[in-house]
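Protein chains in written order, with my numbering: chain E, 303 to 578; chain Y, 303 to 578.
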């Protein structure tokens with residue numbers, strides 16, 4: 303695509319103890335040069351494929367010379383009873399956390415997979431710049447991107463989100479998932495809640511967030527109002543763009559993906575890239 | 303999307319005697335102004351949805367102020383025995399022709415649907431410029447676009463194709479489909495074969511064609527070499543771009559869709575648009 307390569311991979315993941323899949327877009331600049339990496343985290347029900355097919359991101363990644371990396375949203379085929387029965391639990395719904403509760407804890411270690419295992423593979427095997435990574439995502443993946451950036455200062459140069467689940471501990475689908483993955487003790491939940499983390503954060507990365515105003519999940523499931531409130535109160539930098547008439551779909555993501563990639567490229571392409 | 307609207311419709315079609323579906327992208331300029339129309343014809347197995355999801359075309363249509371119209375690739379649910387059993391016959395495989403053979407002839411009238419019925423609806427109900435239409439497509443839809451433009455001089459301002467089935471009467475999937483749709487008398491087949499039509503055409507529209515060189519259907523199913531040969535011999539204008547390393551997929555289409563839409567926009571936006 304666009305003189306680069308869109309490729310799909312599967313590998314044995316140590317963190318999850320399962321096969322894991324991810325997709326990459328290698329921009330034309332990757333031939334002979336280390337390229338910066340932009341991680342995309344997808345939403346509920348998605349695989350590593352949806353973003354690559356629907357977001358129209360490759361054109362912008364090619365323009366800016368940025369590599370895209372898109373993990374699947376959960377382990378699959380773990381044998382856990384009921385893993386495929388709900389759209390918001392189990393397969394396609396890993397919530398980018400490390401489960402501590404049985405039966406999920408054995409495989410559902412998406413936080414470690416995305417924070418550590420996957421970047422290591424990308425840096426070692428794909429000619430990626432080890433000093434230049436950013437992260438963004440959609441819905442559950444917007445939650446993941448915000449949480450990963452808040453808990454790993456210095457790991458990412460920039461963060462952004464489309465329609466993120468901002469406060470999973472305060473909304474039904476998050477509470478239901480966290481209870482299953484993390485157990486009844488709610489004191490452990492806040493480490494995976496962007497609004498809760500921002501309550502205590504010092505100097506978090508500025509956040510770029512786009513939110514459709516006709517998004518059917520806005521009021522009950524996403525709660526960007528809580529994100530805005532904590533950022534205003536604590537003085538955190540949030541560039542929140544409320545988009546009239548847009549919904550929760552990839553049509554919305556596609557409409558503004560170019561602006562997000564430009565934003566990240568502005569941070570990622572500072573500093574020299576080494577020829578290899 | 304991109305400040306315009308991506309919309310899906312279903313209606314009772316007179317030509318096919320069935321419900322037919324199509325999608326449109328209305329660019330932001332459609333509010334208050336008549337916009338030119340660019341018809342996209344999709345390939346085998348597609349519905350009206352694939353292009354809208356996968357091609358990344360809306361961004362360019364918004365930039366140029368061009369409306370996109372994408373019909374489904376066949377009637378559906380006709381009750382014809384076996385209509386859903388093959389990927390290259392029946393549902394998803396209308397081949398943009400008027401079937402004359404039983405049992406297909408009653409419903410499979412895609413040529414008339416795309417050439418006449420659909421444009422009438424678009425012009426009457428979508429604030430489209432009646433004097434500015436162009437057409438393009440992919441694979442079976444590239445065949446459709448070339449055939450429709452060749453048989454309807456003056457109807458379209460420009461035509462282009464990705465990986466078109468150039469000579470369906472000379473390749474297996476075309477012969478199989480035409481035998482079923484048109485009957486054993488092969489003399490009627492050439493009216494739906496771009497290479498055969500170009501043999502006799504006088505002053506056809508210039509053709510812009512992109513073809514991936516790693517396309518798995520190139521040698522057996524598409525035969526762009528025959529298109530090139532007849533155009534060279536007859537002196538028809540063909541801008542054929544052979545693209546190394548690209549395959550037959552929408553990843554390929556997405557990579558060059560912007561160039562095609564710019565090409566059509568150059569023809570479509572000549573002449574004044576009227577405020578309404």
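Cβ atoms here follow ideal geometry from the backbone N, Cα and C, with glycine treated the same way.
Report the three-state DSSP secondary structure of residue 551 of chain Y (helix, strand or coil). For the purposes of this step, residue 551 of chain Y is identified with residue 249 of the second chain, where counting begins at 1. Residue state, collapsed to three classes: coil.
Given residue 449 of chain Y, which residues of its chain have a CB within under 6 Å of its CB, disregarding the five upstream and five downstream residues? Mapped onto the second chain, residue 449 of chain Y falls at position 147. Cβ neighbours of residue 449 of chain Y beyond the five flanking positions: 494, 496.
Measuring only the C-alpha atoms, how far is residue 303 of chain E from residue 431 of chain E? In the first chain, counting from the first residue as 1, residue 303 of chain E sits at position 1. In the first chain, counting from the first residue as 1, residue 431 of chain E sits at position 129. Whole-angstrom Cα-Cα distance: 21 Å.
How do the region 515-532 of chain Y and the region 433-440 of chain Y stand: do at least 3 beta-carbon pairs fall below 8 Å, yes or no? They do not touch, by the three-pair rule.
Would you check if the region 500-517 of chain Y and the region 401-413 of chain Y touch, i.e. whether three or more CB-CB distances between them fall below 8 Å? Contact check between the region 401-413 of chain Y and the region 500-517 of chain Y: fewer than three CB pairs, one atom from each, fall below 8 Å, which does not count as touching.
Would you report the Cα separation of residue 504 of chain Y and residue 460 of chain E, rounded to the nearest angstrom? The sequence position of residue 504 of chain Y within the second chain is 202, counting from 1. The sequence position of residue 460 of chain E within the first chain is 158, counting from 1. Roughly 58 Å separates the two Cα atoms.
Can you tell me the Cα-Cα spacing of residue 437 of chain Y and residue 439 of chain E, whole angstroms? On the second chain, position 135 is the one that residue 437 of chain Y refers to. On the first chain, position 137 is the one that residue 439 of chain E refers to. Answer to the nearest angstrom: the Cα atoms are 36 Å apart.
Who are the neighbours of residue 557 of chain E on chain Y, taking C-beta pairs under 7 Å? Residue 557 of chain E sits at position 255 when you count from the first residue of the first chain. Chain Y residues near residue 557 of chain E: 303, 304.
Among Y/546, Y/415, Y/310, Y/535, which residue has its Cα nearest to the Cα of residue 515 of chain Y? The residue you call residue 515 of chain Y lines up with position 213 of the second chain. Closest option to residue 515 of chain Y, judged by alpha-carbon separation, among Y/546, Y/415, Y/310, Y/535: Y/546.
Three or more beta-carbon pairs under 8 Å between the region 464-481 of chain E and the region 366-381 of chain E, yes or no? Segments in contact, no.
If I'm right that residue 407 of chain E touches residue 393 of chain E with Cβ under 8 Å, what's the distance once you round it to whole angstroms? To locate residue 407 of chain E, count along the first chain from 1; it is residue 105. To locate residue 393 of chain E, count along the first chain from 1; it is residue 91. Going by Cβ atoms, the distance from residue 407 of chain E to residue 393 of chain E rounds to 16 Å, so no, they are not a contact pair.
Return helix, strand or coil for residue 534 of chain E, following the three-state DSSP convention. Taking the first chain and counting its residues from 1, the one referred to as residue 534 of chain E is at position 232. Per DSSP, reduced to three states, the secondary structure at residue 534 of chain E is helical.
Check this for me: beta carbons of residue 319 of chain Y and residue 443 of chain Y, under 8 Å apart or not? On the second chain, position 17 is the one that residue 319 of chain Y refers to. On the second chain, position 141 is the one that residue 443 of chain Y refers to. It is not a contact, given that the beta carbons lie outside the stated cut-off.
Rounded to whole angstroms, what's the CA-CA distance from residue 336 of chain Y to residue 566 of chain E? Just pull it up for me. For the purposes of this step, residue 336 of chain Y is taken as the residue at position 34 of the second chain. For the purposes of this step, residue 566 of chain E is taken as the residue at position 264 of the first chain. Cα to Cα, the separation comes out at about 37 Å.
DSSP state of residue 557 of chain Y, grouped into three classes? The residue you call residue 557 of chain Y lines up with position 255 of the second chain. DSSP, read as helix, strand or coil, puts residue 557 of chain Y in helix.
CB residue 383 of chain Y to CB residue 571 of chain Y, shorter than 8 Å? Locating residue 383 of chain Y in the second chain gives position 81, counting from the first residue. Locating residue 571 of chain Y in the second chain gives position 269, counting from the first residue. Contact flag unset, no.
Bridge partners - residue 321 of chain E, DSSP secondary structure assignment: Here residue 321 of chain E is taken as the residue at index 19 of the first chain, counted from 1. Looking at the DSSP assignment, residue 321 of chain E forms a beta bridge with E/314.
The region 357-368 of chain Y: which residues have C-beta closer than 8 Å to a C-beta of chain E, in chain order? Correct list: 358, 360, 361.
Does any CB atom of chain E fall closer than 8 Å to the CB of residue 308 of chain Y? Locating residue 308 of chain Y in the second chain gives position 6, where the first residue counts as 1. So, interface residue.
Quick one: measure Cβ to Cβ for residue 562 of chain Y and residue 517 of chain Y, integer angstroms, because I've assumed they're closer than 8 Å. As a working mapping, residue 562 of chain Y is identified with position 260 in the second chain. As a working mapping, residue 517 of chain Y is identified with position 215 in the second chain. Between residue 517 of chain Y and residue 562 of chain Y the Cβ distance is about 17 Å, and since that is not below 8 Å, they are no contact.
Strictly below 8 Å CB to CB, what residues from chain Y border residue 355 of chain E? For the purposes of this step, residue 355 of chain E is taken as the residue at position 53 of the first chain. At a C-beta separation below 8 Å, residue 355 of chain E has these neighbours in chain Y: 355, 356, 552.
Does the separation of the CB atoms of residue 419 of chain Y and residue 317 of chain Y fall below 8 Å? Counting from 1 along the second chain, the entry for residue 419 of chain Y is found at position 117. Counting from 1 along the second chain, the entry for residue 317 of chain Y is found at position 15. Their beta carbons are under 8 Å apart, which means residue 419 of chain Y touches residue 317 of chain Y by this criterion.
Can you tell me whether residue 354 of chain Y is buried or exposed, with buried defined as 16 or more other CB within 10 angstroms of its CB? The count along the second chain starts at 1 and reaches residue 354 of chain Y at position 52. The residue is buried, with at least 16 neighbouring Cβ atoms inside 10 Å.
Round the Cβ separation of residue 492 of chain Y and residue 498 of chain Y to the nearest angstrom and send it over; I've been treating them as touching at under 8 Å. By one-based count along the second chain, residue 492 of chain Y stands at place 190. By one-based count along the second chain, residue 498 of chain Y stands at place 196. Right, the Cβ-Cβ distance comes to about 4 Å (below 8 Å), so this counts as a contact.
In angstroms, rounded to a whole number, what distance separates the CA positions of residue 543 of chain Y and residue 315 of chain Y? Here residue 543 of chain Y refers to the residue found at position 241 of the second chain. Here residue 315 of chain Y refers to the residue found at position 13 of the second chain. Each residue's CA atom was taken as its position, placing residue 543 of chain Y and residue 315 of chain Y some 37 Å apart.
Where residue 380 of chain E and residue 452 of chain E are concerned, what is the direct C-alpha to C-alpha distance, given to the nearest angstrom? As a first step, residue 380 of chain E is located in the first chain; it is residue number 78 there, counting from the start. As a first step, residue 452 of chain E is located in the first chain; it is residue number 150 there, counting from the start. If I take the Cα positions, the gap works out to 29 Å.
What does the Cβ neighbour count give for residue 577 of chain Y, buried or exposed, with the cut at 16 atoms within 10 Å? What you label residue 577 of chain Y is simply residue 275 of the second chain in a count that begins at 1. Bear in mind that the predicted position of residue 577 of chain Y carries a pLDDT of just 45, short of 50, making it too unreliable to give a figure here.
Report the three-state DSSP secondary structure of residue 397 of chain Y (helix, strand or coil). In the second chain, residue 397 of chain Y corresponds to position 95, counting from 1. Residue 397 of chain Y: coil per DSSP, three-state reduction.
Taking just the CA atoms, how far does residue 557 of chain E sit from residue 342 of chain Y? Position 40 of the second chain holds residue 342 of chain Y. Position 255 of the first chain holds residue 557 of chain E. A straight line joining the alpha-carbon of residue 342 of chain Y with that of residue 557 of chain E spans about 20 Å.
Once DSSP output is grouped into helix, strand and coil, what is the label at residue 414 of chain E? Locating residue 414 of chain E in the first chain gives position 112, where the first residue counts as 1. Looking at residue 414 of chain E - three-state DSSP - the assignment turns out to be helix.
Assigned exposure category for residue 486 of chain E - 16 Cβ within 10 Å defines buried: Residue numbering aside, residue 486 of chain E sits at position 184 when the first chain is read from its first letter. Exposed, because fewer than 16 other Cβ atoms sit within 10 Å of the Cβ of residue 486 of chain E.
Can you tell me the Cα-Cα spacing of residue 473 of chain E and residue 479 of chain E, whole angstroms? Mapped onto the first chain, residue 473 of chain E falls at position 171. Mapped onto the first chain, residue 479 of chain E falls at position 177. Straight-line measurement puts the Cα of residue 479 of chain E at about 10 Å from the Cα of residue 473 of chain E.
What residues in its chain sit with their C-beta under 6 Å from that of residue 458 of chain Y, if we drop five residues either side in the sequence? Mapped onto the second chain, residue 458 of chain Y falls at position 156. Cβ neighbours of residue 458 of chain Y beyond the five flanking positions: 435, 436, 437, 451.
I want to check one thing, is the minimum distance from the CB of residue 434 of chain Y to the heavy atoms of the ligand ADP below 7 Å? With respect to the ligand ADP, the structure shown offers nothing to examine, as it has no ligands at all.
Check residue 453 of chain Y in the structure and name its three-state DSSP category. Stepping through the second chain from its first residue, residue 453 of chain Y is reached at position 151. In the three-state reduction of the DSSP assignment, residue 453 of chain Y falls in the helix class, which pools H, G and I.
Inter-residue Cα distance where the pair is residue 414 of chain E and residue 533 of chain Y: Position 112 of the first chain holds residue 414 of chain E. Position 231 of the second chain holds residue 533 of chain Y. So the alpha carbons of these two residues sit roughly 58 Å apart.
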